[in-house]
Structures are given as C-alpha cells and as structure tokens.
Amino acid sequence: MAGAHSLSLSLFFSSLILSLSAGSVFSATFTLVNRCSYAVWPGILSNAGTPQLSTTGFALNPGDSFPISVPTSWSGRMWGRTLCSQDSTTGKFTCVTGDCGSGALECGGGGAAPPATLAEFTLNGADGLDFYDVSLVDGYNLPMLVVPQGGTGGNCSNTGCVVDLNASCPSELQVLNAVSTSSGGGGGGGPCVACKSACEAFGDPKYCCSGEYATPDICRPSTYSEFFKTACPRAYSYAYDDGTSTFTCESADYVVIFCPTPSAR
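Those letters in the sequence shown? Residues -27 to -1, 1 to 238, per mature numbering (1 follows the signal peptide of the UniProt record, and there is no 0), in order.
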C-alpha cells in the first residue's frame, strides 16, 4: 500500500509540474491590428535559438486584428508587408515592400527586405524584463506603434513611428512603386511606398556604422538619420540609437498597430 501511495503522490506531482509548465509555455499575447486603409501582410521572424511562433505570415485586412500566443523568452521581429500579390501562373507570392523572399504567404524563416519598419522584441531578458523597440535602421515602409498592456516595472511606454514618412522622404531615399506599362505609365515613376535608410541607399560605412565606423563614439547621427529621428523620436534611427529608443516592461501583452492614429503617440 505504501508503494501505491508513493506512486500516487509521484503521479500527482508530475501532473502538477506538467500543468504548471504548460501554463507557462505562453508568456504573452501579441495582437496585431491593421488601421491602415489598405491590406497589410504581417511578417514574423524568430531569432536563432528561440521558439518558433504558430505563424510567420498572414493577411490582415483594414480594421482586422489577429492575436498570437508568444512563448517565454521569445525574441524576434515583426513587420508589415505591403502591396502583396500572388502570381496567377506560378503561384509565387511577393510584396513591393517588406518582402521576406519566401515566395509564399508564410515567411518561413525569411526576414524583411529593406526598407521596412520593424518591431523588435526580447521577452524575459535581463532582470526578467521584456526589451522592445521600433526600428527604422533598415528604413521605413509604414507607420507602426507598439503598445504594452498590463505590464509592470521598467519603462512600459508606447513606442513607434506614427507618421507617414513616405510623403516627406528625401528623393534619394525613395522607393517608388513602378507604374505598369499596361496602365499607360511606361514602367516608371509611381508614388513613394517606402523610404530607404542612408546605409541601404549609399552603402557608405559612415551611414552603416561598419568598418572603421563600427563603434558608437565614431558612428554619429547623420542628416538622414536625423530626418527619421525628428519625425519619430522614440524609434531607432541608426545603429547606436539605443539610449532613446529601447524600452522595457515586465509581464506585459503587446499590441502592434499598423497605421495608428497620430493621437496614439
């Protein structure tokens, strides 16, 4: 009887541990919201060595939202792809901005082709805090806001870039949506649909913070990064913009909003 009792206790505690473990597998809910007047196709890339999420890409129509359960200690990035379509002959899926190169709706481990506005996260990092930011280091393609909910500690503040930088993007940084010849446009021109970083546009180490410029003391803000910083003071504007652009929170859920209203700064 003693053996049976010990076995029962062992099974009970094993079940309890499994139950507690199952309850802690998902530490946060991320809700992606599309307030744009057009469809957005979110892309998600998990960092190496962290758990993969249930999806890496999907469609989000205007006004729609999509919740995702995110595991403990996940780190990665999210972004919005725009002007996406699927080739009727080959079935290949491509996007004019933020394309992840997978040729499919799901990015499957592919990252965003610059320029793209990025929301970056590291959950349950140092001191149990989540670290998050919105980065324009790889350029900009649409407004984005990250809103922590229900968190404590750290600096649980909204961050992002809520303005349309495509409208004011310097001409040398603009990505234009080429007008098709079938529409009478001759294959050139078109509206600006994304704004490159100076690094992407020129490849100069002083803009990329590479080579001899690969330290924060030497790589300083440029007139181009200041364009992004002035418009979006809480977003990363260049590689060493940590001080005003990284935020922390503990035990929070997060809402990632594409095209937030300007009042939601």
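Backbone N, C-alpha and C define an ideal beta-carbon position, used for all residues, glycine too. All figures in this text were calculated on a predicted structure; none of them were measured in a lab.
Give the secondary structure of residue i by DSSP, where H, G and I count as helix, E and B as strand, and everything else as coil.
i       : result
Ala171  : helix
Ser75   : coil
Tyr209  : strand
Pro178  : helix
Asn7    : strand
Ala(-6) : With a pLDDT of 39 at Ala(-6), under the threshold of 50, the modelled position of that residue is not reliable, and no figure is offered here.
Gly22   : coil
Ala12   : coil
Ala1    : strand
Gly216  : helix
Leu33   : strand
Ala151  : coil
Ala86   : coil
Taking C-beta to C-beta, are residue i and residue j nearer than 9 Å?
i           : j      : result
residue 242 : Thr4   : Residue 242 is absent from the model: the chain starts at -27 and stops at 238.
Ser58       : Thr67  : yes
Cys73       : Gly64  : no
Leu115      : Cys205 : no
Ala32       : Leu78  : yes
Gly49       : Thr28  : no
Gly98       : Ser46  : yes
Met51       : Phe94  : yes
Val120      : Val13  : no
Let's test the definition: count the other Cβ atoms within 10 Å of the Cβ of residue i and tell me whether it reaches 16, buried, or not, exposed.
i        : result
His(-23) : Residue placement at His(-23) cannot be trusted, given a pLDDT of 44 that sits under 50; the coordinates are not used to answer.
Ala187   : exposed
Gly1     : Sequence inspection shows Ala at residue 1; the Gly mentioned does not correspond to that position. Classification of Ala1: buried, given that the 10 Å Cβ count is 16 or more.
Ala140   : exposed
Asp60    : exposed
Ala174   : buried
Ile17    : buried
Rounded C-beta distance between residue i and residue j? I'm assuming under 8 Å.
i      : j      : result
Tyr213 : Pro178 : Tyr213 to Pro178, Cβ: 14 Å. No contact.
Ala167 : Gly81  : Contact doesn't hold; Cβ gap of about 22 Å is too wide.
Thr221 : Leu91  : 18 Å between Cβ atoms; not a contact.
Pro108 : Ala208 : Correcting the residue identity first, residue 108 is Ser in this sequence and not Pro. About 7 Å; that satisfies the 8 Å criterion.
Leu118 : Pro233 : 4 Å
Val148 : Pro88  : 6 Å
Cys181 : Cys172 : 4 Å
Gly126 : Glu223 : 4 Å
Lys202 : Ser195 : Not confirmed; about 10 Å, so no contact.
Leu138 : Lys169 : Rounded, the Cβ-Cβ distance is 11 Å, inconsistent with contact.
Should residue i be counted as a contact of the ligand NAP given a C-beta to heavy atom distance under 8 Å?
i     : result
Tyr11 : No copy of the ligand NAP occurs in the structure displayed, which carries no ligand at all.
Can you give me the start and stop residues for the alpha helix (DSSP H) that residue i sits inside?
i      : result
Thr67  : Note, Thr67: premise wrong, no alpha helix (DSSP H); beta strand (DSSP E) at Phe66 to Thr70.
Ala204 : Thr196 to Ala204
Please list the terminal residues of the continuous beta strand (DSSP E) segment that includes residue i.
i      : result
Val120 : Met117 to Gln122
Ile41  : Ser38 to Pro44
Ile230 : Asp226 to Phe231
Asp103 : Asp103 to Ser108
Thr55  : Ser48 to Gln59
Glu185 : Counting along the chain, Glu185 falls outside any beta strand (DSSP E), and DSSP gives it neither H nor E.
Thr95  : Leu91 to Thr95
Cys80  : Per DSSP, Cys80 belongs to no beta strand (DSSP E) and is neither H nor E.
Cys134 : Thr132 to Cys134
Distance cutoff 9 Å, beta carbons only. Does residue i sit that close to anything in chain B?
i      : result
Ala171 : Absence of chain B from the displayed structure is noted, only one protein chain being present.
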